[in-house]
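Peer 1:
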Amino acid sequence: MVVCVDVLTRNNVTLTGQTGGQPMVFAHGYGCDQNMWRFVVPAFESEYRTVLFDFVGAGGSDLSAYDPRRYGSLQGYAADVLDVVRVLDARDVIFVGHSVSAMIGVLAAAGEPDRFAALVLVAPSPRYIDDEGYAGGFAETDIEDLLASLDRNYLGWSSTMAPVIMGNADRPERGAELTASFCRADPEVAKRFARATFLSDNRADLAGVKLPTLVLQCSDDPIAPDSVGVYVHGQIPGSTLVKLRATGHCPNLSAPAETVTAIADFLNKVPRPGTKRSPHVP
Amino acid sequence: MSHDLATSAFYAALAEDDPAELYDNAPCGYLSTLPDGTIIKANATFLAWTGYDRDALIGRRRFQELLAPGDRIFYQTHAAPMLLMQGMLREIAIQVVGASGSRLPMIMNAQLKRGDDGQPLVIRTVAFDASERLSYERELMAARRRAEESEARVRVLAETLQRSFLPPDIVAVPGLDVGGAYRPAGDGTEVGGDFYDVFRTGHQTWGIVLGDVCGKGASAAVVTALARYTVRAEALHVSSPAAVLTGLHQALLTYYPQTFITVLYLLLDQVQEGDRLTMATGGHPLPLCRRADGSIETLGRPGSFLGMEETASVSESTAVLNPGDTVVLYTDGVTEAHEGDAFFGETGIAEVLAASAGLTAQEVADAVVAAALAFQHGPARDDIAVVVVRKPLSSS
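Protein sequence lines, in the order shown, are assigned to chains V and C. Counting the first sequence from 1 gives a position; this note's numbering is that position plus 647. Counting the second sequence from 1 gives a position; this note's numbering is that position plus 6.
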């Protein structure tokens, strides 16, 4: 029997912006959910069809659809991206991926290149662990340490699953409707995603990227240091590297305006769908 | 203490407890940082706990740099986004690496203060020493893990035992289509007492047994195993189904006098008129038969529970299966599936049977189980076992 999955529900897909506009798919990274994009997406809604979703296991996704084997590697997450763009029959997709989703986007685009028009990689890293001649920023023991950290915060998860939004009087509109699911996940899911993320090595996939690509590198990013952004830029032919003034790993939250400007500037230089010229046409 | 003395002690303590003094020597660490984590203020308690000089931190280090590597990732991927989005963090477990390199377990809360322009201005963090709490929580985690492992072992044990009470594949009976289905009660961690079996008893004869042992768990499991193999053994040397069940009754009285079971035993043989069912019943719900013309009847006559009284009255009757007939044997987990006061009942089975044209015996068995489960919304309250025997319309 064919199992029909309602992808829109499973991945908690949120559609905003222009019906029929060029699709911009925003993918969240490890740790949180689509709310990571809430200060960035509005800037693109007047022109694009903006698509937000949660990976299975995160945010408002259908947890019953969580399959430990599928989500044991980034390919499983890339399959979520492809499921979403297929069910929407989205073409000329501009994929915007934060953190590990940058590499998930690279994998998804390799899986179905014809659907994608451009990649925006926000704070990407193709490999987090140091290797010979490559500085990823972490040692393998650090990742074990992360798993222990997730365990330690386990008691916190279970006891605070009820909505705990409070003390945000100065900006109530930002937090009030967020549920406690933001940045909280079943610890087993979080640990598996952590392993899939931080033990991944997608360096060899970068050279195969044929799409116009923007690499957004933060300042003093402890997860994806400068050297990694430079590496990604060097490996993806013709890519654009923009160094943000924003510090940390989440410019989409800490510096949304700067992030929006960098993405918009890049998109202005990418050919629009329908205006692409065949190289043979003079 | 006189009123005057109390009053002067009150004011002396109050004078001593000025805000600056409280800030520096509070029983918790205070830190203020810029939105990027750069430390702009730290109290004496935090410095004493961590062993850092004030000058080594202020303006020089970011808070997240003081965290153990795993916590640094956790902070960047979980805590920092929460702080920016929700303006606060509550009860995050971290390990701060002190000046000596040792890790200090702490629980932290933090609050983001925004400026008049709405931009993040300063993060205020409070940290509590959590060394003892951490070791307690570690024990809790270990206990939880042990509980989960032991539950997993129990589940495997229950499933393995339960599987042994059901044939892995139902043997083929020439000219007939036979299927079986089973669903344990609840989450399946406890062995149920339902069982069935289909086996050959002679050259052209087959036995089908379906029963229900009272109770659950290990005590029911040993009785189930005895019942299942006693029926097989008896069936090899007596041909009358009533005699087979009488043998089972005697075995129960001998080995497990404290328990009883309900059971159906059918002997299938081929006679000139068609497939003959000779059926003996020990206190078990009677099978339902849907005839080729759509009419539904019960087969057999009731009998007494086995293993209960000194003597059991086991009745025997026969029926003939014609092409298009379907017989359903079931345990009371099917009919007693209920939603409020309404029971699934024989009516529920009859409804499945009425819509069963064109289905195989296995599909009918699965449909009965699915309908009973759907009726009671959620996990089964009791085990459910179903065996279906169908005489196909065009038997070759």
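Where is the CB? At the ideal position from N, CA and C, for every residue including glycine.
Using the Cα positions of Ser708(V) and Arg799(V), report the straight-line distance between them to the nearest angstrom.
Peer 2: Each residue's Cα considered, the two are about 24 angstroms apart.
Peer 1: Please confirm if Cys865(V) has its CB atom under 8 angstroms from at least one CB of chain C.
Peer 2: No, because no Cβ of chain C sits closer than 8 angstroms to the Cβ of Cys865(V).
Peer 1: Answer with yes or no whether the minimum CB distance from Met114(C) to chain V is below 8 angstroms.
Peer 2: It does not: the Cβ of Met114(C) has no partner Cβ on chain V nearer than 8 angstroms.
Peer 1: Ordered along the chain, which non-local residues of its own chain (more than five positions away) have a Cβ less than 7 angstroms from that of Ala257(C)?
Peer 2: Cβ neighbours of Ala257(C) beyond the five flanking positions: Leu232, Thr236.
Peer 1: Does the beta carbon of Gly76(C) come closer than 8 angstroms to any beta carbon on chain V?
Peer 2: It does: the Cβ of Gly76(C) has a partner Cβ on chain V nearer than 8 angstroms.
Peer 1: Output, in chain order, the set of chain C residues within a Cβ distance shorter than 7 angstroms of Asp792(V).
Peer 2: Correct list: Ala74, Pro75, Gly76.
Peer 1: Is there contact here, the segment 331-339 of chain C with the segment 375-395 of chain C, by at least three beta-carbon pairs under 8 angstroms?
Peer 2: Judged by Cβ distances under 8 angstroms, the segment 331-339 of chain C makes contact with the segment 375-395 of chain C, as three or more pairs qualify.
Peer 1: Alpha carbon to alpha carbon, how far is Arg919(V) from Val769(V)?
Peer 2: One C-alpha to the other measures close to 21 angstroms.
Peer 1: Using the DSSP secondary-structure output, state which residues sit across from Met112(C) in a beta bridge.
Peer 2: Ile100(C), Asp135(C), per the DSSP bridge assignment.
Peer 1: Using a 10 Å radius around the Cβ and a threshold of 16 neighbouring Cβ atoms, would you call Phe673(V) buried or exposed?
Peer 2: Classification for Phe673(V): buried.
Peer 1: Output yes or no for whether 8 angstroms exceeds the beta carbon distance between Ile267(C) and Leu305(C).
Peer 2: No; because the gap between Cβ atoms is not below 8 angstroms, this pair is not in contact.
Peer 1: With a threshold of 6 angstroms on Cβ separation, who are the neighbours of Lys838(V) within its own chain once the five nearest residues in sequence on each side are excluded?
Peer 2: Answer for Lys838(V): Leu794, Leu797, listed in chain order.
Peer 1: Excluding the five sequence neighbours on either side, which residues of its own chain have a C-beta within less than 6 angstroms of the C-beta of Ile129(C), listed in chain order?
Peer 2: These residues qualify, in order along the chain: Thr39, Ala116, Leu118.
Peer 1: With a threshold of 8 angstroms between beta carbons, is Thr860(V) in contact with chain C?
Peer 2: It does not: the Cβ of Thr860(V) has no partner Cβ on chain C nearer than 8 angstroms.
Peer 1: Find out if the Cβ-Cβ distance for the pair Ile214(C), Leu272(C) is shorter than 8 angstroms.
Peer 2: The answer is yes: Cβ separation under 8 angstroms.
Peer 1: What are the residues of the segment 743-761 of chain V that lie near chain C, defined by any Cβ-Cβ distance shorter than 8 angstroms?
Peer 2: Result list: Ser746.
Peer 1: Between Ala725(V), Pro869(V), Arg685(V), which has its C-alpha nearest Ser748(V)'s C-alpha?
Peer 2: Measuring from the Cα of Ser748(V), the nearest candidate turns out to be Ala725(V).
Peer 1: Inspect the beta-carbon positions of Asp331(C) and Arg297(C) and report whether they are closer than 8 angstroms.
Peer 2: Yes, Cβ-Cβ distance for Asp331(C) and Arg297(C) is below 8 angstroms.
Peer 1: What's the C-alpha gap between Ala149(C) and Ser141(C)?
Peer 2: Rounded to whole angstroms, Ala149(C) to Ser141(C) spans 12 angstroms at the Cα level.
Peer 1: Secondary structure at Pro903(V), three-state DSSP: helix, strand or coil?
Peer 2: Looking at Pro903(V) - three-state DSSP - the assignment turns out to be helix.
Peer 1: Is it buried or exposed for Glu787(V), if we count other Cβ within 10 angstroms and need 16 for buried?
Peer 2: Label assigned to Glu787(V): exposed.
Peer 1: By the criterion of Cβ-Cβ separation under 7 angstroms, what are the contact partners of Pro87(C) in chain V?
Peer 2: Within 7 angstroms Cβ-Cβ: Gly678, Cys679, Met683, Cys830, Cys897, Leu900.
Peer 1: Looking at the secondary structure, which residues open and close the alpha helix (DSSP H) in which His9(C) lies?
Peer 2: Where His9(C) is concerned, the enclosing alpha helix (DSSP H) stretches over 9-22.
Peer 1: Decide yes or no for the touch test of the segment 856-867 of chain V against the segment 907-918 of chain V: beta carbon pairs closer than 8 angstroms, at least 3 of them.
Peer 2: The answer is yes - the segment 907-918 of chain V touches the segment 856-867 of chain V, with three or more Cβ pairs under 8 angstroms.
Peer 1: State buried or exposed for Pro760(V), treating a residue as buried only when at least 16 other CB atoms are found within 10 Å of its CB.
Peer 2: Result: exposed.
Peer 1: Could you check what DSSP says for Arg238(C) in three-state terms: helix, strand or coil?
Peer 2: Looking at Arg238(C) - three-state DSSP - the assignment turns out to be helix.
Peer 1: How should Phe350(C) be labelled, buried or exposed, when 16 other C-beta atoms within 10 angstroms of its C-beta is the threshold for buried?
Peer 2: The residue is buried, with at least 16 neighbouring Cβ atoms inside 10 Å.
Peer 1: So, using beta-carbon positions, are Leu95(C) and Met112(C) closer together than 8 angstroms?
Peer 2: Not a contact, by the Cβ cut-off of 8 angstroms.
Peer 1: So for Gly76(C), helix, strand or coil by DSSP?
Peer 2: Here Gly76(C) sits in helix by DSSP.
Peer 1: According to DSSP, is Gln210(C) part of a helix, a strand, or is it coil?
Peer 2: DSSP places Gln210(C) in coil when its eight states are reduced to three.
Peer 1: Would you call the segment 68-78 of chain C and the segment 97-113 of chain C in contact, with 3 or more CB pairs under 8 angstroms?
Peer 2: With a cut-off of 8 angstroms, the segment 97-113 of chain C and the segment 68-78 of chain C count as touching, because enough Cβ pairs lie within range.
Peer 1: Below 8 angstroms on the Cβ atoms is my guess for Val395(C) versus Ala377(C); work out the distance and round it to an integer in Å.
Peer 2: Not really, about 19 angstroms apart at Cβ, beyond 8 angstroms.
Peer 1: Near Trp212(C), which residues of its chain fall below 6 angstroms by C-beta distance, leaving aside the five closest residues on each side in sequence?
Peer 2: Correct list, in chain order: Val179, Arg206, Leu274.
Peer 1: What does Pro41(C) reach in chain V if we use C-beta pairs closer than 7 angstroms?
Peer 2: Near Pro41(C) (Cβ distances below 7 angstroms), the residues of chain V are Ser901.
Peer 1: Could you work out which residues of chain C lie near Thr894(V), taking near to mean beta carbons separated by less than 7 angstroms?
Peer 2: The contacting residues are Asp42.
Peer 1: Within this structure, are the beta carbons of Arg938(V) and Val740(V) separated by less than 8 angstroms?
Peer 2: Residue 938(V) is absent from the structure shown; chain V starts at 648 and stops at 929.
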